[in-house]
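**Student:** Before we start, here is the structure in question, set down as structure tokens.
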Amino acid sequence: MRWSQTLIPTLKEQPQGAEIPSHVLMLRAGLVAQLMAGAYTYLPLGLRALRKAEQIVREEMDRAGAIEVHMPALAPLELWQRTGRVEAFGNVLIQFQVKRGARQVALALNPTHEEVVTDLVARFVSSYRQLPITLYQIQTKFRNEERPRFGVLRTSEFLMKDAYSFDATLEGLNVSYQKMYDAYCRIFSRCGLSYLPVEAESGPIGGDASHEFMVPAENGEDRILHCGACSYAANLERAEVGQRPPAASPGTQQTLTKVDTPQAGSIEQVSRLLGCRAEQMIKTLIYLADGKPAAVLIRGDHEANENKIRRALGAQRVELAPPEVIRQVTGAPVGFAGPVGLPLELVADLDVANVANAVVGANEADQHYTGANAGRDYQIARYADLRNAIDGDPCPRCGGRMQLRAAIEVGHVFKLGTKYSEALAARFLDENEQQQLAIMGCYGIGVNRIVAALIETSHDTNGIIWPMTLAPYQVILSPLNMQQADVVQAAEELYNELNALGVEVLLDDRDQRPGVKFKDADLIGIPLRVVIGGRALAQGQLELKWRWQAEPSLLPRAGAGQAIARLVQQELAAANARAEA
RNA sequence: CGGGGCGUGGCGCAGUCUGGCUAGCGCGUCUGGUUUGGGACCAGAAGGUCGCAGGUUCAAAUCCUGUCGCCCCGACCA
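Numbers 79 to 659, taken from the working numbering, label the letters of the first sequence in order.
In structure tokens form, the structure reads like this:
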């Protein structure tokens, strides 16, 4: 492609409203243009990169035995009502009415396709002989994001690869799941991403049933914990906290003292008022576990983790109790609950055991206790891991230090079970002529996020640094002077030669000064740059530079096309080979 | 949905507090010329309902009210 004949609107300055590197660079390099909050046009370069990512995904899905289909973006709202997910999605589900003759038809734009694919399988799969099957598509999803942000990382319309496996048995599901997991590893490796599969909340099936594929990046929206020593990794929701060191020495027990804490119902207010640190305090959270009140103790500076609490209480659902219930149970308004004299069984986080002489609520408005000690002033029924992990916490597997990092979620694999097959009657007949529900898994990849995450983690002050596998073009030719006949001729010859050899090449044929061409070449990040310029050309040489290297090398003009094609192939092969390691 | 910021030629900004002449600057674009190894130079030119609506005033980019859009932080995120 000739630069002069395509559309690459590079920007010299940082666009207003773009802050994170991927957003800034995608706009500056002319990859995308914003139409509105959360909706972007992919311009030629951006589209080519997106297509590369898509093709890698497609190849690995096919290789894993998944079957490609293409489902509609539209769905009848009724389908979503059948699984109860109109409410579950709420405002995120884009729905609207259209007129068809005299009728009003209620439609939705699919934010995901469990309903559609399960309905499809329910219609056409009726025997165990047809299973297992994994269907996938690469298609646009629509979600009315409350707050689109971070450029293409969180948009209302995005390209997603979604796959759905259907199995006759749980063992089958595990096999299907593992195939997808392995395919994901290959995909992200081939795309040149430094990714981490992390354990995620698994919902109804429990166990090892969900993993997210995360790319650690400063601007990521997700938080993960990662142990460098043993490679344990989990998202914040899921991460367990390992064995904590016991308290130094109990020291002397202070006497339990009631103190005035007017208007101080939060950890921050109380600590400021009493001059104590948050870690000397214990917060008493009143939950409704399946509708029944329960008391949970967490150290003042820690965050409660509702999933852990739900499991510890053996409940299906937990939620923070409303103010009426708190008042009824504790006799005090919100913010003054405490363990002393509370008529509920106390379940405490493990770290609470190490807080001696704690500050706790007194179950009385505007009153707290100081010097509270478990065993003497209140009894803990049970200790458990109930809080979110924090940076530096011990690893649950090996005891090493875990690191808290921000990350971009690029993929998610999930064992679904029979939730949708049940709601949409996806049954099959097994070998004993018994009706069974298909057991499902679902597997998503944000294709746009692959591109954005790559840029987010692979750039320098001059611009994007593409891996050969995702680069919009493999080679850029930069003839430095379009007024000089021999330069133009050499560039044209090489351009034709490379095209004939199947190399994806961009010829910067603009009549621009060298500086402009260098800056733009760096900005759009094409891996291999070939400079055709007076100096070297006079000696029958071209200049070759990899985007990730500082210095160029010389290449004889004779046979340059073959040599460059070989270099591209080697680099491509090396990048793809990293996936097999 | 709560908090904050910003809307001025294609892009990035100044001017707004303290109302006042023909609304400026840099980049880009167009014409002519000189240049050609890291975002050239000279000369000339085009391009603006100052987001939109209403109000105050002799006079509004500037003050007031409303409204729309975009960005950031938080809440939310199958």
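Ideal Cβ placement from N, Cα and C applies to all residues, glycine included.
(1) Starting from the Cα of Leu-46, find the closest Cα among Gln-617, Ala-142, Gln-567 and Leu-515 and give me that residue.
(2) Can you tell me whether Ile-371 is helix, strand or coil according to DSSP?
(3) Please check the pair Lys-239 and Val-525, which I expect to be a contact at CB under 8 Å, by giving their CB distance rounded to whole angstroms.
(4) If you scan the segment 246-277 from start to end, which runs of the beta strand (DSSP E) of 3 or more residues do you find wholly inside it?
(5) Let me check understanding here. Comparing Cα to Cα, which of Pro-417, Lys-177, Leu-606 and Ala-356 lies closest to Gly-639?
(6) Which residue's Cα is closest to the Cα of Asp-538: Ala-111, Ile-364, Ile-602 and Glu-290?
(7) Could you round the C-beta distance between Leu-502 and Glu-193 to whole angstroms and report it? I think they count as a contact, below 8 Å.
(8) Can you tell which of Gly-95, Cys-476 and Arg-350 has its C-alpha closest to the C-alpha of Val-319?
(9) Within its chain, find whatever has a CB closer than 8 Å to the CB of Val-565; leave out the 5 residues flanking it on each side and keep chain order.
(10) If you check the beta carbons only, do Gly-329 and Ala-434 fall under 8 Å apart?
(11) Candidates Val-293, Tyr-214 and Gly-416: which alpha carbon is nearest Ala-311's?
(12) Would DSSP call Thr-408 helix, strand or coil?
(13) According to DSSP, simplified to helix, strand and coil, what is Gly-612?
(14) Mapping the DSSP letters down to three states, classify Asp-379 as helix, strand or coil.
(15) Under the rule that 16 or more other beta-carbon atoms within 10 Å means buried, what is Asn-441, buried or exposed?
(16) If you draw a straight line from the C-alpha of Tyr-456 to the C-alpha of Leu-428, how long is it?
(17) Output the distance between the C-alpha atoms of Trp-158 and Asp-197, rounded to the nearest integer angstrom.
(18) When DSSP labels each residue in this structure, what does Arg-178 get in the three-state scheme?
(19) Taking the alpha-carbon positions, what's the Val-230 to Arg-644 distance?
(20) With a cut-off of 8 Å, do at least 3 Cβ pairs link the segment 130-141 to the segment 256-271?
(21) Alpha carbons only, please: which of Ala-372, Lys-90 and Pro-400 is nearest the one belonging to Ile-387?
(22) Do Ser-344 and Gly-413 count as a contact pair if the criterion is CB distance below 8 Å?
(23) Taking buried to mean at least 16 other C-beta atoms within 10 Å of its own C-beta, is Gly-298 buried or exposed?
(24) Quick check on Ala-96: does DSSP put it in helix, strand or coil?
(25) Below 8 Å on the Cβ atoms is my contact criterion, and I expect Met-23 with Val-195 to pass it. Report the Cβ-Cβ distance as a whole number of Å.
(26) Report the three-state DSSP secondary structure of Arg-80 (helix, strand or coil).
(27) For Ala-443, which residues of its own chain have a beta-carbon under 7 Å away from its beta-carbon, when the five flanking residues on both sides are left out?
(28) From what residue to what residue does the alpha helix (DSSP H) around Ala-436 run?
(29) Looking at the secondary structure, which residues open and close the beta strand (DSSP E) in which Ala-153 lies?
**Tutor:** In short, the structure shows the following:
(1) The question about residue 46 has no answer here: the residues shown for the chain are numbered 79 through 659.
(2) In the first sequence, counting from the first residue as 1, residue 371 sits at position 293. It is worth fixing the name first, because residue 371 is Pro in this sequence and not Ile. If DSSP states are grouped into helix, strand and coil, Pro-371 belongs with the strands.
(3) The residue you call residue 239 lines up with position 161 of the first sequence. The residue you call residue 525 lines up with position 447 of the first sequence. Correct: roughly 6 Å between the Cβ atoms.
(4) 274-277
(5) Locating residue 639 in the first sequence gives position 561, counting from the first residue. Closest by alpha carbon: Leu-606.
(6) Position 460 of the first sequence, counted from the first residue, corresponds to residue 538. Comparing Cα positions, the closest option is Ile-602.
(7) Taking the first sequence and counting its residues from 1, the one referred to as residue 502 is at position 424. Taking the first sequence and counting its residues from 1, the one referred to as residue 193 is at position 115. Yes, Leu-502 and Glu-193 are in contact; Cβ-Cβ is about 7 Å, under 8 Å.
(8) By 1-based counting over the first sequence, the position of residue 319 is 241. Nearest C-alpha to Val-319: Cys-476.
(9) The residue labelled residue 565 in the question sits at position 487 within the first sequence. Result list for Val-565: Pro-557, Leu-558, Asn-559, Ile-610, Gly-611, Gly-612 and Leu-615, in chain order.
(10) On the first sequence, residue 329 is found 251 positions in, with the first residue counted as 1. On the first sequence, residue 434 is found 356 positions in, with the first residue counted as 1. Closer than 8 Å, so yes.
(11) As a working mapping, residue 311 is identified with position 233 in the first sequence. When each option's Cα is compared against that of Ala-311, the closest is Val-293.
(12) Mapped onto the first sequence, residue 408 falls at position 330. Reduced to three states, the DSSP call for Thr-408 is helix.
(13) Start at 1 with the first residue of the first sequence, and residue 612 comes out as number 534. Here Gly-612 sits in helix by DSSP.
(14) Locating residue 379 in the first sequence gives position 301, counting from the first residue. Coil at Asp-379, not helix or strand.
(15) Against the first sequence, residue 441 aligns to sequence position 363. Buried: at least 16 other Cβ atoms inside 10 Å.
(16) If you number the first sequence from 1, residue 456 lands on position 378. If you number the first sequence from 1, residue 428 lands on position 350. Taking the straight line from one Cα to the other gives about 16 Å.
(17) Looking up residue 158 in the first sequence gives position 80. Looking up residue 197 in the first sequence gives position 119. Whole-angstrom Cα-Cα distance: 11 Å.
(18) In the first sequence, residue 178 corresponds to position 100, counting from 1. In this structure, Arg-178 counts as strand in the three-state DSSP scheme.
(19) Taking the first residue of the first sequence as position 1, residue 230 is located at position 152. Taking the first residue of the first sequence as position 1, residue 644 is located at position 566. If I take the Cα positions, the gap works out to 34 Å.
(20) yes
(21) The residue given as residue 387 occupies position 309 in the first sequence. The shortest C-alpha separation from Ile-387 is found at Ala-372.
(22) Here residue 413 refers to the residue found at position 335 of the first sequence. Here residue 344 refers to the residue found at position 266 of the first sequence. In contact: Gly-413 and Ser-344 (Cβ atoms closer than 8 Å).
(23) Numbered from its first residue, the first sequence carries residue 298 at position 220. Per the 10 Å Cβ criterion, buried.
(24) If you number the first sequence from 1, residue 96 lands on position 18. Ala-96: coil per DSSP, three-state reduction.
(25) A query on residue 23 cannot be resolved here, the shown segment of the chain reaching from 79 to 659 and no further.
(26) Looking up residue 80 in the first sequence gives position 2. Correct three-state label for Arg-80: strand.
(27) What you label residue 443 is simply residue 365 of the first sequence in a count that begins at 1. Closer than 7 Å at Cβ, skipping near neighbours: Ala-410, Pro-411 and Phe-414.
(28) Walking along the first sequence from the start, residue 436 turns up at place 358. No alpha helix (DSSP H) contains Ala-436, which is instead part of the beta strand (DSSP E) from 436-439.
(29) Residue mapping note: residue 153 aligns to position 75 of the first sequence, counting from 1. Unbroken beta strand (DSSP E) run through Ala-153: 152-154.
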